[in-house]
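Going by mature numbering (1 follows the signal peptide of the UniProt record, and there is no 0), the letters in the sequence shown line up with residues -20 to -1, 1 to 450, in that order. Working notes, beginning with the structure itself.
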Amino acid sequence: MRKFICGIAFVSFWSAGLFAQNSPDCRSAIPVCADAPITSFADGGGDIDDFDPDVIRQSGCLEKGSVSSANIENNTSWYVFRAGTRGQIGFDIEALPGTSGTVTAEWDFALYGPDVDCASISNGTAQPIRCNYEVNDTNFTGIGVNPENGQVGAPNLTGSQNTYDEWLIVEEGEIYYLLINNFNTNFDGDPEPFSLTFTGYSVDQDQNTALDCTLRDEFLGLDIVACEGDPDITLSALNSPAGPDIANVTWSVDYEDDGVIDQVLASGPTETQLTVTSPNSGRYFVEIVTNLATTITDDILITFYGIPVLQEVIILDDLSDSNNIEIVVDGDGNYEYAINGGEFQDSAIFYDVPPGENTVIINDKNGCGFTDPIPFLVVGYPKFFTPNGDGIHDAWNILGIETLTDPVVFIFDRYGKLLKQLDETTIGWDGTFNGRPMPSSDYWFRLDYSRDEQGIIVANSVRTHFSLVR
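And the structure:
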């Protein structure tokens, strides 16, 4: 499936008969409330591919099916709502007559939540908690009870022909995303209308508090996390409570989100939409002046993430008995890490990493990609060696010594006598001194080398021990 974030349209401040704006892109889902029916429409085939039909073929009851040209998304609308109180919530989606005076659309839906994000929905990690793609034999589908025939909602079952799902029990503050999909279109490209009405005992008790109506003040939608190279993001001033009652619109941006406006992007009575292209992260602001000289404002933070870039691997404790490392990424995404083909972990620190060459894979948890295995060297040393001529552990040396600057290794016996001096060109110590085998014992070494720390070459010295075993 393609990823989506639900948009929500509303008309509680509009006169009857006007349609609310529609958002075919989940990332710019329109917030809604339960205090009035939402009347909107879907036009065309869905402007944004929220689900990738070549990657995600099924999610809950959403299916691409067996037809290769089929598409989960078709004439979609996206809505988002936030629960105002704990209680029971449902909704009715009603197909309305189009310009021909007849109903030509068949509406379906998928509901995601609570508190999932667009990336999780798009990559299939988040599955619908309510979903219905059954064939409609009435003009209604939704959650709760069909007002036309009294059909009670039940868990989704493909082929059941029950177009209503069971009630949703919400907790205060939870956020849900709703996809409304026009499966059966009139194929003429004209917008097809529908209405969305919230139901349930929470709405019956108080439709003004069942859903958090302050969410509508964020009419640009919730903050957006996107990937570099994603489709453009369209922000609309027409989703504000003023609707089309606009005298002037001004768009501006704070690229660093540091409280300082960097640029006025557009201004004028016709500048009702702003297109944000990748990778222009920032906080975008809109100021709307209505024909009655009132002012409405909103802002939204849009963050584009790219494929992670490895900056460096830090050895936390050079040549200790445990090689502990930290992976440092150039970027501020949400990352997870795996070394040497192991499981991913959230922490960038790994313990007891084997000396020598290793690999790391970095994954952006926002769904913006992952690196190929990146090799890195851990300079370490064998804790023991066995110079018995069997070809296994017959020589001792610093592993990864060739990666150091000006390395020199001095090997001593327990009394401090110098037995051998090594550098990056030396194969290693064979356990002899002046051609005579040294006995099994612990031996000490000192490694002197240099490394570049922020452009300054710093001399380092490490002293520890290893065992010769015969």
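Quick reminder that beta carbons are idealized off the backbone N, C-alpha and C, glycines included.
Going by the beta-carbon positions, is the gap between Pro335 and Gly380 smaller than 8 Å?
The answer is yes: Cβ separation under 8 Å.
Just reading off the beta strand (DSSP E) that Tyr59 is part of, what are its end residues?
It spans 56 to 62 - the beta strand (DSSP E) in which Tyr59 sits, taken as one unbroken run.
If we count the other Cβ atoms within 10 Å of its Cβ and call it buried at 16 or more, is Phe(-8) buried or exposed?
Summary for Phe(-8): the model assigns pLDDT 27, below 50, so the residue's position carries little reliability, and this model does not support an answer.
Considering Cα atoms alone, identify which of Gly349, Trp87, Glu198, Thr252 is closest to Gly209.
Of Gly349, Trp87, Glu198, Thr252, the residue nearest in Cα terms is Gly349.
At what residues does the beta strand (DSSP E) containing Cys111 begin and finish?
First-last of the beta strand (DSSP E) with Cys111: 110 to 112.
For Cys6, three-class secondary structure by DSSP
In this structure, Cys6 counts as helix in the three-state DSSP scheme.
Anyone know if the C-beta pair for Gly78 and Pro173 falls short of 8 Å?
For the pair Gly78 and Pro173, the CB atoms are nearer than the 8 Å cut-off.
Whose CA, out of Pro367, Thr385, Thr405, Arg426, lies closest to the CA of Thr412?
Thr412 has its Cα closest to that of Pro367, out of Pro367, Thr385, Thr405, Arg426.
Quick check on Thr250: does DSSP put it in helix, strand or coil?
Reduced to three states, the DSSP call for Thr250 is coil.
Using C-beta distances below 6 Å, list every residue in its chain close to Val244, excluding the 5 sequence neighbours before and after it, in chain order.
Excluding residues within five positions, the ones whose Cβ falls inside 6 Å are Ser232.
Give the secondary structure of Ile101 by DSSP, where H, G and I count as helix, E and B as strand, and everything else as coil.
In the structure shown, Ile101 sits in a helix (DSSP, three-state: H, G or I).
I need the boundaries of the alpha helix (DSSP H) containing Ser182, first residue and last residue.
Looking at the DSSP string, the run of the alpha helix (DSSP H) that includes Ser182 is 181 to 185.
Please check the pair Ala16 and Val60, which I expect to be a contact at CB under 8 Å, by giving their CB distance rounded to whole angstroms.
Not confirmed; about 17 Å, so no contact.
Going straight from the alpha carbon of Val309 to that of Asn112, what length do you get?
The alpha-carbon atoms of Val309 and Asn112 are separated by roughly 42 Å.
Inter-stretch contact at 8 Å, needing at least 3 Cβ pairs: the region 413 to 421 / the region 344 to 361:
Using a C-beta cut-off of 8 Å, the region 413 to 421 makes no contact with the region 344 to 361, since fewer than three inter-stretch Cβ pairs fall below that distance.
For the beta strand (DSSP E) containing residue 456, name the first residue and the last one.
Since the first residue of the chain shown is -20 and the last is 450, residue 456 is not available in this structure.
Taking the alpha carbon of Phe330 as the point to measure from, which residue in His445, Glu74, Asn303 has its own alpha carbon closest?
When only C-alpha atoms are compared, the closest one is Asn303.
Per the contact definition of three or more C-beta pairs closer than 8 Å, is the region 176 to 187 in contact with the region 202 to 218?
With the cut-off at 8 Å, the region 202 to 218 and the region 176 to 187 do not touch.
Answer with buried or exposed for Ile241, where buried requires no fewer than 16 other C-beta atoms within 10 angstroms of its C-beta.
Counting of Cβ neighbours within 10 angstroms places Ile241 among the exposed residues, the total staying below 16.
Does Tyr317 pass the burial test, meaning 16 or more other C-beta atoms within 10 Å, or should it be called exposed?
Counting Cβ neighbours within 10 Å, Tyr317 comes out buried, since at least 16 surround it.
Smallest Cα separation from Ile155: which of Ile69, Phe89, Asp238, Gly223?
Of the listed residues, the one whose Cα sits closest to Ile155 is Ile69.
Spatial neighbours of Leu384 in its chain, beta-carbon cut-off 6 Å, leaving aside the 5 residues before and after
If you ignore the 5 residues before and after Leu384, its C-beta comes within less than 6 Å of the C-beta of Tyr429, all in its own chain and listed in chain order.
Helix, strand or coil: how does DSSP classify Asp422 here?
Here Asp422 sits in strand by DSSP.
What does Tyr235 pair with, by DSSP beta-bridge criteria?
In the DSSP assignment, Tyr235 is bridged to no other residue.
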